[in-house]
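Residue numbers (my numbering): 2 to 1139.
The C-beta atom is built at its ideal place from N, Cα and C for all residues, glycine as well.
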């Protein structure tokens, strides 16, 4: 029963107790509010005339504003529950004092209590909602506040029904004690809610901040509230709303009083308030949740003003009680239901450090002031206009109120953005204009001992010199000084900028002689980077007069210098320079040394289209390093005739990044050939996946329309790439938003596929058929779906906001705010589709809600069989591997198909699965559940026949698997499959975040080495050739004869030396019999360049090692070698050829 109620109210597991306590808390606070009004009205109106009421409204607004000024000083300094208790103690004291004054017959107490009771009761409501906002995130607020807010209406109904009966028993004056009892209950409930929240979050009392969340000690200025545009918009929204409602309340009561008298009037009011209360309660638990969930806060803000404004306009045309009653129903019926629940949701973006003060200003100051403003208008107009004519004022106010709603919504979304964006306001700070002090600081920074600071200043001044002649002239003088700086980086930077300076002075006279002298002198500098920069500057400054100076550099020992000299001669040396440089380039192209041919590729980078023919020659070079250098040069040559040759190189993952850069540089001429590759289903999957990335970087309408055609491509990864590219192109081309119909179709297809994947994942887990790699694949597919949905929505909605949501969705602390922001962006049609997929609900609930969209789920075995036929070699292999646990006819059939595929991975896994089935059928494999005995012999024969067909496979890995299975030698060494090697790699910190699919090339290349204790892996000073991953056993790393590290299972070593190509700075020796995965250093380096996840893992690993080294140093240990880190001021020259 409780479960059904919880599901009906959308209260999730663990939220029931807290929701119940908050509900009763608000019920009691609402009872104080309504019962207090009954007491104050009875006491005041029995002693003062009706004409005094408008002045009470004005006085209430003034006193409430003054109260807020004091309350705001402490609101965010104490825990919320403590602030509530302190306020209640003051309330109890003042109410008891009022009772004493009433008993003593002090008439002055009646107007004082009239104002104070409203201030205090309103403050208790404000404090409750502030507390509730702290305990609930944005999404929980959207779900739970309609339920909790129903207590406000229920309090009105209950108090309305029981007050008269209580008064008959104890009298009006004794109601003060009922109010005091309710205040005590509110205090106890606030403390109980705080305890429940601490228990839910697992926090201790000492850790609590005002919100019940961990306290953050932040220094600096408090958040600005009054100047916040969002706060101002909300303040105006509240001011317009309650000023209008105050006038409408007066109109309703005046027309009702003119229609009925005495007892009839009392019965009418009784029936109206009772009926409105019941209708409001039902509306709060049914309509409000649906409206906010499906239509959002914009519609929630619009309901009350639309109905109120329409009724007010109707009152002008028909000044009767019916129209006035409809107008009052819009007030009482919607104010405490849809309107208040929406208003509470609008408070969620405020940071905890400002939330209480913000609410105090808006609810306890602006709102009472709006009552006061309404009272002033009534004082001025009520005696001058007929009652129904006051609607001209309310209609005007409501019109402005409705116009303000889109403004509030936009600022609400912006406030959500700011709460998501960790950079806060800095993210939006405009670029400042440099003043005189800033200019002087930059020039002073050129003299800094830190080359980084000096280089930064030089870059900034160089940019400013483009727009300021005065800065340019000062900078020219400083460049000559920097050209003689002791730091080579600064000398080179100064020379690189001298030709720019020469362009700026070209119109003002000849080039200064000292510039020429400095450039020529720098050609003999000891630093490689300086000589290279001088060669470039010399060619640009002297033109064909530079040939004699540059010719000797064509034989410089450093390739970087030779390349700069040759490029300069070709581009600026005229005919003679081209002849001298061309002769040297011809020698490089024909040289047997790959290093010289790589240098030729570097020279060709600067020659543009004229380098097409020699570059083609290098692209076909037998040496892979030369081909890589040529592909890098292709980006700068960018000749359209290269497209066909470049596309051939897309199939190599190790060079794909450089090919992509070259094709993007070529641009439009490459688009149609690339689209043809994408449309062709026979294109290699890796190539096909790369095409959308390239097209997304070529902003042409042809790319956009071509990718739009492919948005429904079946491959999930390719679909993500297509969507990502489309979003980029739409932003660059400023294309029109796609229609909601087209987007709805795509989203439905995407969600249907993903829900089916989620259902299959659960079914496979239940059947114990899911493997670690399959589980990882499901998790990745789910993340891809989330990513694709957020990206594809940018084809219609704001890209920057969706990107902000996408970045922070994975952050548990900000996920609710991200989903709330998404909710505000989407139209109802898409909101109903998308939001359920993003919401944090149990998987069973999510799948049940999506049953209409997905239909019945697939059987787990049928799903695996289907996936084993997937065109992706990796997905089909892990599905077949999972089927291997069954060892039945489905397994044999799937393996038979895999043996006929071209992918080595598919055939290798087929061989391994067949070997497993053969062992299970013959009873000698502990790794698989044996099939039914009646079919064992038949299945074994089928498995053996398929294995025999693979005996002659060209891949040695497949052949090893077959030999081991057919020989059935239990003593044979373990043969790891590629999938098993992937799992071994993922045990290491370096590889654990890299997707299994991306590790396939490394795993296929990795060899397993079994070594005995005492064997040496490498010695300090040796050139690195391998990277090692420990599977079992132990390895000792020693430095200068001392052991500095003991490595075990999952540890990686040799990777930093492999990347830097520097000799090992330590030695490694097996200290316990070990089994290692060994990876070629060059292949590892290429993988790091291609795989972002692998590069991230390497950064984390190096950071951990650096922290460990720093810790040892801080503890005074001298056993750890210094971390090899590049020195920012290092003067030793390195040949950075490639």
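query: C-alpha gap between residue 888 and residue 921, whole angstroms; result: 8 Å
query: Of the listed residues 1022, 1056, 1081, nearest to residue 1067 (C-alpha basis); result: 1022
query: Delimiting residues of the beta strand (DSSP E) encompassing residue 1065; result: Run containing residue 1065: none; DSSP gives neither H nor E here.
query: Per-residue DSSP class, three states only, for residue 1017; result: strand
query: Environment of residue 591 [buried if 16+ CB atoms lie within 10 Å]; result: exposed
query: Cβ-based neighbour list, residue 11, same chain, cut-off 6 Å, excluding 5 preceding and 5 following; result: 144
query: Meets three-Cβ-pair contact criterion under 8 Å: the region 942-954 and the region 988-999; result: no
query: DSSP state of residue 871 mapped onto helix, strand, coil; result: coil
query: Local conformation of residue 685 per DSSP, three classes; result: coil
query: Runs of alpha helix (DSSP H) wholly within the region 72-108 (minimum 4 residues, chain order); result: 81-104
query: Whether residue 483 touches residue 492 by CB criterion (8 Å); result: yes
query: Run of the alpha helix (DSSP H) containing residue 383, from where it starts to where it stops; result: From DSSP, residue 383 is part of no alpha helix (DSSP H); its letter is neither H nor E.
query: Cα-Cα separation between residue 769 and residue 231, rounded to whole angstroms; result: 53 Å
query: Proximity winner among 829, 728, 835, relative to residue 801 (alpha-carbon distances); result: 728
query: Under 8 Å between C-beta atoms of residue 94 and residue 114; result: no
query: Nearest residue (CA-CA) to residue 826, options 299, 312, 392; result: 299
query: Burial state of residue 389 (16 or more Cβ within 10 Å); result: buried
query: Reference residue 111; option with closest CA among 40, 78, 82; result: 40
query: Closer than 7 Å: residue 743 CB and nearest the ligand HEM heavy atom; result: Absent from the structure shown: the ligand HEM. Ligands present: none.
query: Any alpha helix (DSSP H) of 4 or more consecutive residues that is wholly inside the region 281-353; result: 298-318, 322-335, 341-347
query: CB-CB length for residue 620 against residue 632, believed under 8 Å; result: 7 Å
query: Cβ-based neighbour list, residue 424, same chain, cut-off 7 Å, excluding 5 preceding and 5 following; result: Low local confidence applies: a pLDDT of 39 at residue 424 is under 50, so the model's placement there is unreliable, and no value is given.
query: Residue of 316, 487, 898 minimising C-alpha distance to residue 394; result: 316
query: Candidates 613, 618, 718, 714, of which the one nearest residue 638 by Cα; result: 613
query: Endpoints, beta strand (DSSP E) assigned at residue 1011; result: 1008-1012
query: Residue 518 classed as buried or exposed, judged by whether at least 16 other C-beta atoms fall within 10 angstroms; result: exposed
query: Sequence-distant residues of its chain with Cβ nearer than 7 Å to residue 669 (five each side left out); result: 699, 701
query: Inter-residue Cα distance where the pair is residue 754 and residue 715; result: 10 Å
query: Buried versus exposed, by CB contacts within 10 Å (16 or more), residue 567; result: buried
query: Inside the region 126-172 only - alpha helix (DSSP H) runs reaching at least 4 residues; result: 139-171
query: Sub-8 Å separation of residue 948 and residue 980 beta-carbons; result: no
query: C-alpha gap between residue 119 and residue 85, whole angstroms; result: 16 Å
query: C-alpha distance - residue 33 paired with residue 180, whole-angstrom precision; result: 6 Å
query: Backbone CA spacing between residue 310 and residue 396 [nearest angstrom]; result: 6 Å
query: Outcome for residue 121 when other beta-carbon atoms lying within 10 angstroms are tallied against a minimum of 16; result: buried
query: For residue 1043, the nearest candidate out of 1027, 571, 1020 (CA to CA); result: 1020
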